[in-house]
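Colleague:
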Amino acid sequence: MVNYSIVEKILFPSIHLDERKLEDKLDAKTVLITGASSGIGRELAFVLKNINVHLVLVARREKELLLIKEEIESYKAKVSIISADMREDKDMERLLRFLHQLPNGLDIIVSNAGLSINRSIDKSLNRYHDFTRTMAINYFAPVQLLLSTIPLIEKNKGHIVNVSTVNALLLPIPFWAAYQSSKSAFDTWFRSVSPEINGKGILTTTVYLPLVRTPMIEPTLAYRNTPAMSPLHVAKIIANSLYTKRKTFQPWWLIFGQIGSLVGRRGWDYVLPKLLQKRGLNK
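Take the numbering used here: the last position of the sequence shown gets the number 287, and nothing is skipped along the way.
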């Protein structure tokens, strides 16, 4: 059950999830979900709990993964957990070894793990690591994961889902340089390789999301009263795409933002610095 305000109900219309079609599509399949200990990844695992499916759940926090495994396995799904920081070479190598040893291969990857940082450039001058760590998890980790597992997905004529952000399709905004550049990098990479891997019989889907009410946004105080999607709603969108085979999902209103980005770029580049300077945010 998703509890939305009136504004959120307008911005984020509900989506129908045909559980019978989803069950038929995923029966006896193996699904990898990264970033599975909370938020979207956790909710997706629970959406799939009543299906005869093998869930491979990956995240850094082993305690949370164990709790999820215990609860889900009281239903129908089977769960394997991999506690791994995908930015660390040893952890990634261990994850990839596990995936390549799966007896029935790998059918679906939901690339969901990510890191968000909201910080001005003035506060970033001595924080180069903000950029390396966001690139590590938002770009290099999913690229490495897919480079290794595309042969597995091809063998089973499977499906790869990229959980992305609407910012990858809009003009960049201040204070999000590290996050937006890293997410846009993987979005571009994925769109570039998709035609090639589609030709191998692999389905691809990108889910472009606005603000989602996950633990990742909690440090940003301004977002506590901002309209945001429910992780459960997003999980249902992802699950829906697994049997509808839709190439992309994006909010209905995003087209207006894209038009504004295209038409108003020059004005935006001129007005925004002055606006920030007036508010004392661009010194």
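Think of the CB as a built atom: it goes at the ideal place given N, C-alpha and C, for glycine as much as any other residue.
The structure displayed is predicted, hence computed values, not measured ones.
State the DSSP-derived secondary structure class of residue 287, mapped to helix, strand or coil.
Modeller: Sequence index remark: in the sequence shown, residue 287 carries index 283 (1-based). Because residue 287 carries a pLDDT of 42, less than 50, the predicted location of this residue cannot be relied on, and no value is offered for it.
Colleague: Could you check the C-alpha separation between residue 92 and residue 147 for me, to the nearest Å?
Modeller: For the purposes of this step, residue 92 is taken as the residue at position 88 of the sequence shown. For the purposes of this step, residue 147 is taken as the residue at position 143 of the sequence shown. Each residue's Cα considered, the two are about 14 Å apart.
Colleague: Would you mind sorting residue 287 into buried or exposed? The rule is 16 or more other CB atoms within 10 Å of its CB.
Modeller: To locate residue 287, count along the sequence shown from 1; it is residue 283. For residue 287, the predicted structure reports a pLDDT of 42, less than 50, and the residue's modelled location is therefore unreliable. The matter cannot be settled from this model.
Colleague: Compare the C-alpha of residue 196 against each of 110, 210 and 184 and name the closest.
Modeller: Along the sequence shown, read from residue 1 onward, the residue named residue 196 stands at position 192. Residue 210 is the option with its Cα nearest to residue 196.
Colleague: Please state if the CB of residue 52 and the CB of residue 61 are separated by a distance shorter than 8 Å.
Modeller: Walking along the sequence shown from the start, residue 61 turns up at place 57. Walking along the sequence shown from the start, residue 52 turns up at place 48. For the pair residue 61 and residue 52, the CB atoms are not nearer than the 8 Å cut-off.
Colleague: Counting pairs of Cβ atoms below 8 Å between the region 114-132 and the region 172-187, do you hit three or more?
Modeller: yes
Colleague: Determine whether the beta carbon atoms of residue 161 and residue 206 lie at a separation below 8 Å.
Modeller: Taking the first residue of the sequence shown as position 1, residue 161 is located at position 157. Taking the first residue of the sequence shown as position 1, residue 206 is located at position 202. Yes.
Colleague: Just to confirm, are residue 143 and residue 170 a CB contact at a threshold of 8 Å?
Modeller: Here residue 143 refers to the residue found at position 139 of the sequence shown. Here residue 170 refers to the residue found at position 166 of the sequence shown. Not closer than 8 Å, so no.
Colleague: Write down every uninterrupted run of the beta strand (DSSP E) in the region 139-211 whose length is 3 residues or greater and which is fully enclosed by it, in chain order.
Modeller: 163-169
Colleague: If you run the structure through DSSP and keep just helix, strand and coil, what is residue 21?
Modeller: Working through the sequence shown from its first residue, we reach residue 21 at position 17. The answer is coil: DSSP assigns residue 21 none of H, G, I, E or B.
Colleague: What number of angstroms, rounded off, separates the C-alpha of residue 20 from the C-alpha of residue 126?
Modeller: Taking the first residue of the sequence shown as position 1, residue 20 is located at position 16. Taking the first residue of the sequence shown as position 1, residue 126 is located at position 122. Distance between the alpha carbons of residue 20 and residue 126: 45 Å.
Colleague: Taking buried to mean at least 16 other C-beta atoms within 10 Å of its own C-beta, is residue 78 buried or exposed?
Modeller: Position 74 of the sequence shown, counted from the start, is the residue given in the question as residue 78. Counting every other CB atom within 10 Å of its CB across the protein chains shown gives residue 78 a total below 16, marking it as exposed.
Colleague: Is residue 100 helix, strand or coil when you go by DSSP?
Modeller: As a working note, residue 100 is residue 96 in the sequence shown. Of the three classes helix, strand and coil, the one that applies to residue 100 here is helix, per DSSP.
Colleague: Residue 213 bridges to which residues according to DSSP?
Modeller: Here residue 213 is taken as the residue at index 209 of the sequence shown, counted from 1. Paired residue(s): 169.
Colleague: Cα separation between residue 131 and residue 193?
Modeller: Here the question's residue 131 lines up with position 127 in the sequence shown. Here the question's residue 193 lines up with position 189 in the sequence shown. Roughly 26 Å between the two C-alpha positions.
Colleague: Just list the alpha helix (DSSP H) runs in the region 20-70, keeping only unbroken ones of 4 residues or longer that don't cross its boundaries, in chain order.
Modeller: Unbroken alpha helix (DSSP H) runs of no fewer than 4 residues, entirely contained in the region 20-70, are found at 23-30 and 43-51, following chain order.
Colleague: Who are the Cβ neighbours of residue 70 in its own chain at under 7 Å, not counting the five residues just before and after it?
Modeller: The count along the sequence shown starts at 1 and reaches residue 70 at position 66. Excluding positions up to five away in sequence, the list reads 85.
Colleague: To which residues does DSSP link residue 76 through a beta bridge?
Modeller: Translated into the one-based positions of the sequence shown, residue 76 becomes position 72. According to DSSP, which records beta bridges pairwise, residue 76 is partnered with nothing at all.
Colleague: Assign residue 125 to one of three DSSP states: helix, strand, or coil.
Modeller: Within the sequence shown, residue 125 is the residue found at index 121, counting from 1. Look at residue 125 here: in three-state DSSP terms it is coil, with no helix or strand label.
Colleague: May I ask which residues mark the beginning and end of the beta strand (DSSP E) holding residue 249?
Modeller: Numbered from 1 along the sequence shown, position 245 holds the residue referred to as residue 249. In this chain, residue 249 is not harboured by any beta strand (DSSP E), its DSSP state being neither H nor E.
Colleague: Go ahead and pull the three-state DSSP assignment for residue 265.
Modeller: Position 261 of the sequence shown, counting from 1, holds the residue named residue 265. Here residue 265 sits in helix by DSSP.
Colleague: Identify, in the order they occur along the chain, each residue of the same chain with its Cβ nearer than 8 Å to the Cβ of residue 216, setting aside the five sequence neighbours on each side.
Modeller: Mapped onto the sequence shown, residue 216 falls at position 212. Around residue 216: 43, 44, 232, 233, 234, 235 and 238.
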